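For the sequence shown, the positions run 61 to 221 when my numbering is used. Just so you know, even glycine gets a beta-carbon here, dropped at the ideal spot from N, CA and C. Since we're looking at a predicted model, the values are computed, not measured. Have a look at the structure below before the remarks.
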Amino acid sequence: MSQRAPIETTVHDHDGEVLRYTLKATGQSSERLGACEVCGQHVSEVYLQRGMKMFERPTSIAARRFGWTYHGMADVFGHADCLVGRRKGVEVMTVPTNHDDANFRQEINGVDVLIGRDAEGFKAYIADRYEGLFTTLLRAYQFAATAANHPERRRPITAGL
């Protein structure tokens, strides 16, 4: 199998569980790799989708407490559209393909946003200022997007979610 750069890496929120999917072209057809594992049809360009999920390490080192694992996830070959349709959860964001920690840095509407995961939950920082604590990545991202696009609608930290 050829070593090709990933096409995209997306992060999803599936009922509070954070999943990461990377889609990559193989440069092969189904004659060599077999039919699409989702629909069973012939594939002229086979893609590989690798899934990972965020997990908490049993360690006291706070900086590396959360990481990614393949455990419980499957690699799937097939059509790009079939693989994208097989992803669990709501797509939250696209991240660089070399992203390997539990902090998500994005630029939304020209505003620097950081969403970090720690033992308490997901913490949102807008323009390097702490804004709030959220139970899921999706809620933190939705808050950050609203705050970046409509700064007048930011809720104070004490408002809670």
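Residue 147 is a Cβ neighbour of residue 81, given a cutoff of 8 Å. The distance from the Cβ of residue 176 to that of residue 163 is about 5 Å, consistent with a contact at the 8 Å cut-off. Cβ-Cβ separation between residue 151 and residue 72: approximately 5 Å, consistent with a contact (criterion under 8 Å).
If one requires a minimum length of 4 residues, the alpha helix (DSSP H) runs lying completely within the region 118-206 are 140-145, in chain order. At a Cβ-Cβ threshold of 8 Å, residue 107 and residue 83 count as neighbours. With fewer than 16 other Cβ atoms from the protein chains shown falling within 10 Å of its own Cβ, residue 67 counts as exposed.
For residue 116, the enclosing beta strand (DSSP E) stretches over residues 107-116.
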